[in-house]
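One gets my numbering by counting positions in the sequence shown from 1 and adding 31 to each. Positions of the beta carbon are idealized from the N, C-alpha and C atoms, including for glycine. Single-structure report; data block below.
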Amino acid sequence: MSFTWTAHRFSGGALALDVANSVVLRFDAERRIDRFDDPAAVDTFAEAANLYGAERNRFGTLVPTKSERRNAFIGLREATDRHFRALVRTENRPDLLADLLEAIASVLRQPAGSGKGTPLDVATAHSALRLIAGPARERLKICPNCAWLFLDRSRNRSRTWCDMAVCGNRTKARRHYRRSREEPKP
Ligand SMILES: [Zn+2]
Numbered sequence: 032m033s034f035t036w037t038a039h040r041f042s043g044g045a046l047a048l049d050v051a052n053s054v055v056l057r058f059d060a061e062r063r064i065d066r067f068d069d070p071a072a073v074d075t076f077a078e079a080a081n082l083y084g085a086e087r088n089r090f091g092t093l094v095p096t097k098s099e100r101r102n103a104f105i106g107l108r109e110a111t112d113r114h115f116r117a118l119v120r121t122e123n124r125p126d127l128l129a130d131l132l133e134a135i136a137s138v139l140r141q142p143a144g145s146g147k148g149t150p151l152d153v154a155t156a157h158s159a160l161r162l163i164a165g166p167a168r169e170r171l172k173i174c175p176n177c178a179w180l181f182l183d184r185s186r187n188r189s190r191t192w193c194d195m196a197v198c199g200n201r202t203k204a205r206r207h208y209r210r211s212r213e214e215p216k217p
């Protein structure tokens, strides 16, 4: 069965973060899934981002990245993830910012297409630039359940999970299961 992008997959709050989050459980070698391993899923991501992404319409209608640009796009994704993850951890890594700026430049340097819409890689580069320079990055967090990057837009910045309905509930259910096994029944 082919994979379907759902609204949950766009919990990052910015296109560049949703792209970075196409890798689930990034640091769990056994359970890690890269949704972009399937080129068809990279294409359908653009369509779904037009529907569910927090930045939908900001960069125009997204169209798939050209297949010959796919490697540069994945390079941008990885550089995005590394830089912003280091930022959340308050690591001083100017090299990772430099890597990301180079990846952005390499995507933006491509000749403009003649077709309608904005290629996904170009829009992702602009989204990453907004995050680098804008105030939203102060709201950046890492979900303790799935390790996704997300922007906490809540007023008092109290969000823990990328998506309460998915990651929050899963963790609560696990805790409840553990408690109900550990505590003696009355
Ligand atoms: Zn999560």
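Starting from residue i, follow the alpha helix (DSSP H) in both directions and report where the run begins and ends.
i	result
F90	Note, F90: premise wrong, no alpha helix (DSSP H); not H, not E.
L171	Looking at the DSSP string, L171 is not in any alpha helix (DSSP H); the run it does join, the beta strand (DSSP E), is 171 to 173.
L48	46 to 51
D68	Counting along the chain, D68 falls outside any alpha helix (DSSP H), and DSSP gives it neither H nor E.
P125	125 to 139
T155	151 to 164
T96	Segment: none, T96 is in no alpha helix (DSSP H) and carries neither H nor E.
Taking residue i as the reference, give the member of the options with the closest Cα.
i	options	result
S145	K97, R108, H114, T191	K97
I135	L180, R168, A110	A110
L118	F181, A143, T155, T75	F181
R116	A154, R206, F58, I173	I173
P166	F41, T37, D59, A45	A45
D130	I163, P142, S189	I163
R120	R186, D59, V54, L171	L171
D66	F90, N81, N88, T37	Note on identity: in this sequence residue 66 is Arg, with Asp being the wrong assignment. Closest by alpha carbon: T37.
L105	E169, L48, A60	First, the amino acid is wrong: residue 105 is Ile here, not Leu. Answer by Cα proximity: L48.
A196	D59, L160, C177	C177
R89	R161, F58, E169, D59	R161
Would you call the CB atoms of residue i and residue j closer than 7 angstroms?
i	j	result
A103	S158	no
R108	V50	yes
A77	L151	yes
D194	H39	yes
H114	L128	yes
F41	G84	yes
P95	D74	yes
A156	L132	no
Using the C-alpha atoms, what's the distance from residue j back to residue i?
i	j	result
W179	N52	5 angstroms
L56	I64	7 angstroms
R100	T149	13 angstroms
C198	D112	20 angstroms
E86	G43	10 angstroms
K216	W192	Its pLDDT being 47, under 50, K216 is placed unreliably by the model, and the measurement read from it follows with that caveat. C-alpha separation (whole angstroms): 31 angstroms.
V54	R62	11 angstroms
R205	P175	13 angstroms
S189	A80	26 angstroms
N123	F58	20 angstroms
R201	A60	20 angstroms
Which residue marks the beginning of the beta strand (DSSP E) containing residue i, and which one marks its end?
i	result
F181	180 to 182
Would you say the beta carbon of residue i comes nearer than 6 angstroms to a heavy atom of ligand 2?
i	result
N176	Among the ligands modelled here, namely ligand 1, ligand 2 does not occur.
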